[in-house]
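Asker: Numbering (my numbering), first residue to last: -16 to 320. We treat Cβ as the ideally placed atom computed from N, Cα and C, and that holds for glycine. What follows is a structure written as structure tokens; I'll ask about it next.
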Amino acid sequence: MTQTPTRPTVRRRPTMVDVARRADVSLKTVSRVVNDEPVGQELVGRVLAAIAELGFRRNDIARNLRSRQLNATVGLLIEEIANPFYATIASVAAEIAAAHGTMLITASSEEDPERERALLQDFTQRRVDGLLVVPAGLDHSFLRREVELGMPVVFLDRPPQGLQADAVLLDNRGGSHAGVSALLDEGHRRVGLLLGAPSVPTMRERLAGARAALDAAGVEPDESLIRERLIAPEEAGRAVAALLDLPEPPTAFFCANNRLTVGALQELHRRGSDAALVGFDDFELAHLMPRPLTVVAYDTRELARVATERLFQRVAGDDTPPSTTVLPTRLLKRGLA
């Protein structure tokens, strides 16, 4: 486990008192504007200008609170609730939140950056005490002001982009390096690489690890054996089929996530191919596959635990610099054969 600190800028959230001072009006006037009660247009303009300048947000859940007490809620944004990986993260986060007397609110971005942005902004408007985020987008700078104003945010699985915040990640480069190295150690020299979108940080790291393993073994990477921008298992299956139809097909495959591994397994089984297979991520029933394969495994519960505990440290007042924690991976033999 490694940690890399960076330096944050932390300020308190603006209050209605701050808005009143900036607009040079009474607190009662600010309250009326915020609650859409009748106020003269000139005063409304001054208050709204002060609100925009200060970044003030009304607490839609607990607007009756007049102290700085916590709301006892934290938000979790994941990509796909049906995926066992994210379901495990949600389960662990909920357990830890309950132990802290806090309710966990979970939402799914469905891997849509625009939906992710809208949901995170909704969380902040509801004044949750902190955010756990498995990001889908590539720009999280829209959260910068919230973080600067004291909103604790911890990212899981993928690092934030355009934002300094805590992150708990996997050793993606090391895991893929170990997986491809295992194939090379078995004598394979033509290894097909199946990856997702190259814009995703985890995919870039896993491709870099695979390339480093090839380089260390003195194997010149064959770009024709690399397939990127694969999402669904069906796409991985078609990629495997195309690679197996090459004049010199690969004798082994490395898949950069479990969905791609499943698609590759289906096509290899359909073809009756004995090509070796290593996949990043363990998956349900992998140990029952009717052929041998290797997975790059890690402890999903530990990933969620470390991130959630870090969030509650922040909620409790820890203002040390943001850090990145990297959790280890390991190779596991799967399959019945």
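Checking the sheet assignment: what are the DSSP bridge partners for Ile88?
Answerer: Taking the sequence shown and counting its residues from 1, the one referred to as residue 88 is at position 105. BP columns for Ile88 point to Gly58.
Asker: Where DSSP assigns a beta bridge to Arg210, which residues make up the other side?
Answerer: Against the sequence shown, residue 210 aligns to sequence position 227. In the DSSP output, where bridge partners are listed per residue, Arg210 has Leu177.
Asker: Quick check: the Cα distance between Leu315 and Asp19, rounded to an integer number of angstroms?
Answerer: Your numbering for residue 315 matches position 332 in the sequence shown. Your numbering for residue 19 matches position 36 in the sequence shown. Each residue's Cα considered, the two are about 60 Å apart.
Asker: Using a Cβ-Cβ cut-off of 6 Å (strictly less than) and excluding sequence neighbours within five positions of Arg242, which residues of its own chain qualify?
Answerer: For the purposes of this step, residue 242 is taken as the residue at position 259 of the sequence shown. Result list for Arg242: Pro216, in chain order.
Asker: What would DSSP say about Leu182, mapped onto helix, strand or coil?
Answerer: What you label residue 182 is simply residue 199 of the sequence shown in a count that begins at 1. The question names Leu, yet the displayed sequence has Ser at residue 182. In the structure shown, Ser182 sits in coil (DSSP, three-state: anything other than H, G, I, E or B).
Asker: Look at Met86 and Thr56 and say whether their C-beta atoms are less than 8 Å apart.
Answerer: Along the sequence shown, read from residue 1 onward, the residue named residue 86 stands at position 103. Along the sequence shown, read from residue 1 onward, the residue named residue 56 stands at position 73. Yes, they are a contact pair.
Asker: Compare the beta carbon distance of Ala321 and Leu213 with 8 Å and say whether it is the shorter of the two.
Answerer: There is simply no residue 321 to check, as the chain begins at -16 and stops at 320 in what is shown.
Asker: Pull up the distance between the alpha-carbon of Leu132 and that of Arg293, whole angstroms please.
Answerer: Counting from 1 along the sequence shown, the entry for residue 132 is found at position 149. Counting from 1 along the sequence shown, the entry for residue 293 is found at position 310. One C-alpha to the other measures close to 18 Å.
Asker: Run the CB neighbour count on Arg189, radius 10 Å, all protein chains shown included, and call it buried at 16 or more, exposed below.
Answerer: The residue labelled residue 189 in the question sits at position 206 within the sequence shown. Under this definition Arg189 is a buried residue.
Asker: Look at Gly58 and Ile34 and say whether their C-beta atoms are less than 8 Å apart.
Answerer: Translated into the one-based positions of the sequence shown, residue 58 becomes position 75. Translated into the one-based positions of the sequence shown, residue 34 becomes position 51. No, Cβ-Cβ distance for Gly58 and Ile34 is not below 8 Å.
Asker: Since Leu276 and Leu260 are thought to touch, with beta carbons under 8 Å apart, how far apart are those beta carbons, to the nearest angstrom?
Answerer: Here residue 276 refers to the residue found at position 293 of the sequence shown. Here residue 260 refers to the residue found at position 277 of the sequence shown. Right, their Cβ atoms sit about 4 Å apart.
Asker: Would you mind reading off the limits of the alpha helix (DSSP H) that contains Ala101?
Answerer: Taking the first residue of the sequence shown as position 1, residue 101 is located at position 118. Unbroken alpha helix (DSSP H) run through Ala101: 96 to 108.
Asker: Rounded to the nearest angstrom, what separates Ala287 and Val8 at their Cα positions?
Answerer: As a working mapping, residue 287 is identified with position 304 in the sequence shown. As a working mapping, residue 8 is identified with position 25 in the sequence shown. Roughly 46 Å between the two C-alpha positions.
Asker: Using CA atoms only, rank isn't needed, just tell me which of Asp112, Leu37, Arg15 is closest to Thr(-2).
Answerer: Here residue -2 is taken as the residue at index 15 of the sequence shown, counted from 1. Measuring from the Cα of Thr(-2), the nearest candidate turns out to be Leu37.
Asker: Let me know if Arg284 comes out buried or exposed under the rule of 16 or more other beta-carbons within 10 Å of its beta-carbon.
Answerer: Walking along the sequence shown from the start, residue 284 turns up at place 301. It is exposed - the Cβ of Arg284 has fewer than 16 other Cβ atoms within 10 Å.
Asker: When the Cβ atoms of the region 90 to 105 are set against those of the region 141 to 159, are three or more pairs found closer than 8 Å?
Answerer: Short answer: they don't touch.
Asker: If you follow the beta strand (DSSP E) that Phe263 is part of, which residue opens it and which one closes it?
Answerer: Looking up residue 263 in the sequence shown gives position 280. That run of the beta strand (DSSP E) goes 259 to 263.
Asker: Less than 8 Å between the CB atoms is what I'm expecting for Val117 and Glu62, so what's the real figure, rounded?
Answerer: Start at 1 with the first residue of the sequence shown, and residue 117 comes out as number 134. Start at 1 with the first residue of the sequence shown, and residue 62 comes out as number 79. Right, the Cβ-Cβ distance comes to about 6 Å (below 8 Å), so this counts as a contact.
Asker: Please report the Cβ distance between Val323 and Val16, rounded to the nearest whole angstrom; I am assuming they are in contact, meaning their Cβ atoms lie under 8 Å.
Answerer: No statement about residue 323 is possible, as the shown extent of the chain runs from -16 to 320 and does not include it.
Asker: Does the Cβ of Asp43 have 16 or more other Cβ atoms within 10 Å, making it buried, or fewer, making it exposed?
Answerer: For the purposes of this step, residue 43 is taken as residue 60 along the sequence shown, with counting starting at 1. Bear in mind that the predicted position of Asp43 carries a pLDDT of just 43, short of 50, making it unreliable; the figure below should be weighed with that in mind. With fewer than 16 Cβ atoms within 10 Å of its Cβ, Asp43 is classed as exposed.
Asker: Could you tell me if Ile64 is buried or exposed, where buried requires 16 or more neighbouring beta carbons within 10 angstroms of its beta carbon?
Answerer: Counted from its first residue, the sequence shown places residue 64 at position 81. Exposed.
Asker: Am I right that Gly113 and Val245 are in contact with their C-beta atoms under 8 Å? What's the rounded C-beta distance?
Answerer: The residue labelled residue 113 in the question sits at position 130 within the sequence shown. The residue labelled residue 245 in the question sits at position 262 within the sequence shown. Going by Cβ atoms, the distance from Gly113 to Val245 rounds to 34 Å, so no, they are not a contact pair.
Asker: Would you say Gly238 and Gly262 are within 8 Å of each other, going by their C-beta atoms?
Answerer: As a position in the sequence shown, residue 238 is number 255, starting the count at 1. As a position in the sequence shown, residue 262 is number 279, starting the count at 1. The identity of residue 238 in the sequence shown is Cys, whereas the question assumes Gly. Yes, the Cβ-Cβ distance between Cys238 and Gly262 is below 8 Å.
Asker: Would a C-beta distance cut-off of 8 Å place Arg156 and Gly192 closer than the cut-off?
Answerer: Mapped onto the sequence shown, residue 156 falls at position 173. Mapped onto the sequence shown, residue 192 falls at position 209. Yes, the pair counts as a contact, with Cβ atoms nearer than the cut-off.
Asker: Look up Thr234 in the DSSP assignment and say whether it is helix, strand or coil.
Answerer: Looking up residue 234 in the sequence shown gives position 251. If DSSP states are grouped into helix, strand and coil, Thr234 belongs with coil.
Asker: For Leu314, which of helix, strand or coil comes out of DSSP?
Answerer: As a first step, residue 314 is located in the sequence shown; it is residue number 331 there, counting from the start. Correct three-state label for Leu314: strand.
Asker: Use the C-beta contact count for His171: other C-beta atoms within 10 angstroms, 16 or more gives buried, fewer gives exposed.
Answerer: In the sequence shown, counting from the first residue as 1, residue 171 sits at position 188. Counting Cβ neighbours within 10 Å, His171 comes out buried, since at least 16 surround it.
Asker: Judging by CA-CA distance, which residue of Pro67, Leu103, Phe39, Asp301 is the nearest neighbour of Asp265?
Answerer: Within the sequence shown, residue 265 is the residue found at index 282, counting from 1. Comparing Cα positions, the closest option is Pro67.
Asker: So the candidates are Pro305, Glu231, Ser164; which of them puts its Cα closest to the Cα of Arg194?
Answerer: The residue you call residue 194 lines up with position 211 of the sequence shown. For the residues Pro305, Glu231, Ser164, the minimum Cα distance to Arg194 belongs to Ser164.
Asker: Measure the alpha-carbon distance for Gln249 versus Val289 and round it to whole angstroms.
Answerer: Your numbering for residue 249 matches position 266 in the sequence shown. Your numbering for residue 289 matches position 306 in the sequence shown. Each residue's Cα considered, the two are about 35 Å apart.
Asker: Look at the alpha carbon of Ala73 and the alpha carbon of Phe138, and state the distance between them as a whole number of angstroms.
Answerer: Taking the sequence shown and counting its residues from 1, the one referred to as residue 73 is at position 90. Taking the sequence shown and counting its residues from 1, the one referred to as residue 138 is at position 155. Spanning the two alpha carbons is a distance of roughly 13 Å.
Asker: Within the same chain, show all residues whose beta-carbon is closer than 8 Å to that of Gln104, passing over the 5 residues directly before and after it, in chain order.
Answerer: Here residue 104 refers to the residue found at position 121 of the sequence shown. Around Gln104: Phe125.
Asker: Helix, strand or coil for Asp198 per DSSP?
Answerer: Taking the first residue of the sequence shown as position 1, residue 198 is located at position 215. Note: Asp198 maps to helix in three-state DSSP.
Asker: Can you tell me which of the three DSSP states Val13 falls into?
Answerer: Locating residue 13 in the sequence shown gives position 30, where the first residue counts as 1. Val13 falls in the helix class under three-state DSSP.
Asker: Which residues does DSSP list as the beta-bridge partners of Leu114?
Answerer: Counting from 1 along the sequence shown, the entry for residue 114 is found at position 131. Gly58, Val136.
Asker: Of the residues Ala280, Val136, Ser207, which one's Cα is nearest the Cα of Leu60?
Answerer: As a working note, residue 60 is residue 77 in the sequence shown. Ranking Ala280, Val136, Ser207 by Cα distance to Leu60 puts Val136 first.
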